[in-house]
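First to last, the sequence lines map onto chains Z and A. Counting from 1 along the first sequence, just add 225 to a position and that's the residue number in this note's numbering. Counting from 1 along the second sequence, just add 225 to a position and that's the residue number in this note's numbering. Since the structure comes first, as structure tokens, the remarks are kept for the end.
2 protein chains.
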Amino acid sequence: MHRDDIKALGFDVFGTVVDWRSSVAREGREFGARHGVTGVDWERFADDWRALYQPSMTRVREGERPWTVLDVLHRESLAALLERDGINGLSEAEADDFNRAWHRLDPWPDVVAGLTRLKQRYILATLSNGNIALMVNMARRASLPWDVILGAEVARAYKPQPEAYLGTARALGLAPAQCMMVAAHNGDLHAAAATGFRTAFVARPAEHGPGQTTDLEPTGDWDIVASDFLDLANQLGC
Amino acid sequence: MHRDDIKALGFDVFGTVVDWRSSVAREGREFGARHGVTGVDWERFADDWRALYQPSMTRVREGERPWTVLDVLHRESLAALLERDGINGLSEAEADDFNRAWHRLDPWPDVVAGLTRLKQRYILATLSNGNIALMVNMARRASLPWDVILGAEVARAYKPQPEAYLGTARALGLAPAQCMMVAAHNGDLHAAAATGFRTAFVARPAEHGPGQTTDLEPTGDWDIVASDFLDLANQLGC
Chain Z
226 MHRDDIKALG
236 FDVFGTVVDW
246 RSSVAREGRE
256 FGARHGVTGV
266 DWERFADDWR
276 ALYQPSMTRV
286 REGERPWTVL
296 DVLHRESLAA
306 LLERDGINGL
316 SEAEADDFNR
326 AWHRLDPWPD
336 VVAGLTRLKQ
346 RYILATLSNG
356 NIALMVNMAR
366 RASLPWDVIL
376 GAEVARAYKP
386 QPEAYLGTAR
396 ALGLAPAQCM
406 MVAAHNGDLH
416 AAAATGFRTA
426 FVARPAEHGP
436 GQTTDLEPTG
446 DWDIVASDFL
456 DLANQLGC
Chain A
226 MHRDDIKALG
236 FDVFGTVVDW
246 RSSVAREGRE
256 FGARHGVTGV
266 DWERFADDWR
276 ALYQPSMTRV
286 REGERPWTVL
296 DVLHRESLAA
306 LLERDGINGL
316 SEAEADDFNR
326 AWHRLDPWPD
336 VVAGLTRLKQ
346 RYILATLSNG
356 NIALMVNMAR
366 RASLPWDVIL
376 GAEVARAYKP
386 QPEAYLGTAR
396 ALGLAPAQCM
406 MVAAHNGDLH
416 AAAATGFRTA
426 FVARPAEHGP
436 GQTTDLEPTG
446 DWDIVASDFL
456 DLANQLGC
């Protein structure tokens with residue numbers, strides 16, 4: 226691979242760009258304080274909410290329900306957790322606002338500086354399962370300098386389905402080999418590589434908090450393995 | 226209308242944001258010099274290329290052909306014009322490069338400064354019939370600070386079909402009344418208003434060159450009538 230062959234970088238977002246666990250826990254604490262909810266471990270609540278993420282997409286992937294954006298899936302998962310924890314009496318607007326915690330996630334410290342450098346040379350696209358509104362609101366709050374919001378909603382397919390990657394390349398008018406998937410998750414990179422994408426693994430060993438056991442190391446022959454987005458920019462000559 | 230009710234601005238691009246006529250003519254002169262093409266009035270060539278724009282979309286709008294992005298429609302129109310003018314012997318790559326003249330259009334002088342101010346308060350979305358790759362390449366070249374590329378390709382509908390506007394609002398998670406269409410074309414604003422969008426008319430009296438006779442004045446009761454994007458920013462309190 227020569228770096229000049231690459232025209233666009235497609236980024237996984239949850240975990241790779243933003244620290245969803247700490248951010249959702251922070252939002253949970255604020256929500257709890259606002260509504261008098263006590264006795265909840267908000268890090269665990271964030272983990273449990275995220276644990277419902279893959280199952281909620283499976284029914285869409287398998288065609289058991291029509292295309293449904295992630296905001297709706299997150300909202301359904303939240304309803305189940307609120308009921309489990311006996312958190313009652315919220316208005317729809319209050320629950321919807323808590324659901325938009327996923328629009329208010331903080332980036333890892335290297336992200337904005339790294340993306341700013343990478344943008345000089347490459348098209349920067351989101352390639353996330355998050356929906357467009359979520360990605361736009363997150364980017365504005367966190368100053369993420371995307372050129373374009375792509376991924377699941379535009380391709381109408383959830384990763385790791387091939388169409389999520391192929392539809393993203395097609396929208397950019399590029400061949401898959403001109404695109405590089407950037408992710409902290411080996412599974413995402415395996416699926417991207419199978420469609421012809423180039424691959425960059427960026428470890429995020431604190432994504433799941435202390436004691437993380439998954440995705441600490443690359444498990445494939447990725448084109449780039451980087452310690453963070455600044456290292457990625459260095460390796461790509463930006 | 227109160228300006229705080231508006232969350233996003235959706236921009237028409239060809240004519241409203243960029244000066245397609247002068248830019249395509251400039252690209253034509255460069256193309257002519259490169260390939261030894263003489264005796265062509267490139268302003269007229271730009272006008273003729275643009276004149277094929279609406280007819281080319283009509284067949285898609287009416288379902289006579291499946292969804293087709295504007296790059297492909299532009300390329301077909303270009304082939305017809307090259308044949309008409311007896312410009313032969315180009316490789317596919319050379320013709321494709323000339324076709325991407327539409328990716329290299331220059332903004333009107335007020336645009337970048339105006340958008341930069343408007344972005345402080347509003348989500349900035351393209352709401353154009355141009356395809357995603359065209360919009361991304363144009364934005365990177367011209368430093369257009371979009372938050373998100375929306376419009377025809379994401380909505381899978383060409384303006385003035387209602388779905389082009391409605392699909393854009395839906396992608397942003399907003400009601401049409403929370404979105405304002407910004408355009409130099411009264412017809413675009415009439416169609417947007419019919420779906421519930423707010424409207425801003427920005428006159429571009431040089432879009433069609435000297436002697437322009439259309440869209441010199443607002444023909445509807447638009448929420449805002451502005452002389453350029455700086456005036457639009459003033460009127461929206463940015």
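The beta carbon of each residue, even a glycine, is placed where N, CA and C say it ideally should be. Note that the structure is a prediction, hence the values are computed from the model and not measured.
Quick one: give me the first and last residue of the beta strand (DSSP E) that residue i is part of.
| i | result |
| --- | --- |
| A/LEU349 | 348 to 353 |
| Z/VAL265 | It is not in any beta strand (DSSP E) - Z/VAL265 carries neither H nor E in the DSSP assignment. |
| Z/THR424 | 423 to 427 |
| Z/ILE357 | Element bounds for Z/ILE357: not the beta strand (DSSP E) but the alpha helix (DSSP H), 357 to 367. |
| A/VAL294 | A/VAL294 -> no beta strand (DSSP E), and no H or E assigned at all. |
| Z/ALA451 | 449 to 451 |
Could you please give me the residues that DSSP links to residue i through a beta bridge?
| i | result |
| --- | --- |
| A/PRO332 | A/VAL243 |
| A/ILE374 | A/THR351 |
| A/LEU234 | A/LEU349, A/MET405 |
| A/ALA318 | Paired residue(s): none; A/ALA318 is not in a bridge. |
| A/ALA305 | Paired residue(s): none; A/ALA305 is not in a bridge. |
When burial is assigned at 16 or more other CB atoms within 10 Å of the CB, is residue i buried or exposed?
| i | result |
| --- | --- |
| A/THR438 | exposed |
| Z/GLY311 | exposed |
| Z/GLN279 | exposed |
| Z/GLU301 | exposed |
| Z/MET406 | buried |
| Z/ARG284 | exposed |
| A/GLU308 | exposed |
| Z/HIS410 | buried |
| A/ALA400 | exposed |
| Z/ARG381 | exposed |
| Z/ASP244 | buried |
| A/SER452 | exposed |
| Z/MET363 | buried |
| Z/GLY465 | Within the shown structure, residues of chain Z are numbered from 226 to 463, placing residue 465 of chain Z beyond reach of any answer. |
| Z/GLN386 | buried |
| A/ASP413 | buried |
| A/ARG275 | buried |
| A/HIS227 | exposed |
For the alpha helix (DSSP H) holding residue i, just list the boundary residues, first then last.
| i | result |
| --- | --- |
| A/ALA417 | 411 to 419 |
| Z/THR393 | 387 to 396 |
| Z/ASP456 | 454 to 460 |
| Z/GLN279 | 278 to 286 |
For this session: Using a Cβ-Cβ cut-off of less than 7 Å, list which residues of the region 335 to 369 of chain A approach chain Z; keep chain order.
Result: ILE348, ILE357, ALA358, VAL361, ALA364, ARG365
For this session: Could you please tell me which residues of the region 377 to 401 of chain Z, in chain order, have their CB closer than 8 Å to any CB of chain A?
Result: GLU378, VAL379, ALA396, LEU397, GLY398, LEU399
Exercise. Three or more C-beta pairs closer than 8 Å, one from the region 307 to 322 of chain A and one from the region 231 to 246 of chain A: is that the case here?
Worked result: Segments in contact, no.
Exercise. Any chance the region 257 to 269 of chain Z sits against the region 330 to 343 of chain Z, with 3 or more Cβ pairs inside 8 Å?
Worked result: no
Exercise. Counting Cβ pairs, one atom from each stretch, are 3 or more of them under 8 Å apart for the region 352 to 359 of chain Z and the region 293 to 310 of chain Z?
Worked result: The region 352 to 359 of chain Z is in contact with the region 293 to 310 of chain Z.
For this session: Determine, using beta-carbon pairs with one atom in the region 389 to 400 of chain Z and one in the region 430 to 447 of chain Z, whether at least three such pairs fall under 8 Å.
Result: no
Exercise. When you check each C-beta in the region 294 to 327 of chain Z against every C-beta of chain B, which residues fall closer than 8 Å?
Worked result: You won't find chain B in this structure, because its protein chains are Z and A.
For this session: Report yes or no: do the region 373 to 389 of chain A and the region 442 to 459 of chain Z share at least 3 C-beta pairs separated by less than 8 Å?
Result: no
Exercise. Taking Cβ-Cβ distances below 9 Å as the criterion, which residues of the region 228 to 257 of chain A are in contact with chain Z?
Worked result: ALA233
Problem set entry | Stretch-stretch touch, CB-based, cutoff 8 Å, three pairs: the region 282 to 289 of chain Z with the region 261 to 271 of chain Z | no
Problem set entry | Three CB pairs or more closer than 8 Å across the region 417 to 424 of chain Z and the region 363 to 371 of chain Z | no
Exercise. When Cβ atoms are compared, which residues of the region 268 to 295 of chain Z fall closer than 9 Å to chain A?
Worked result: Close to chain A, meaning a Cβ-Cβ distance shorter than 9 Å, are the following residues of the region 268 to 295 of chain Z: VAL294.
For this session: Return the residues of the region 401 to 418 of chain A that lie within a Cβ-Cβ distance of less than 8 Å from chain Z, sorted by chain order.
Result: From the region 401 to 418 of chain A, no residue has a Cβ closer than 8 Å to chain Z.
For this session: Determine which residues of the region 433 to 452 of chain Z have a Cβ less than 7 Å from any Cβ of chain A, and write them out in chain order.
Result: none
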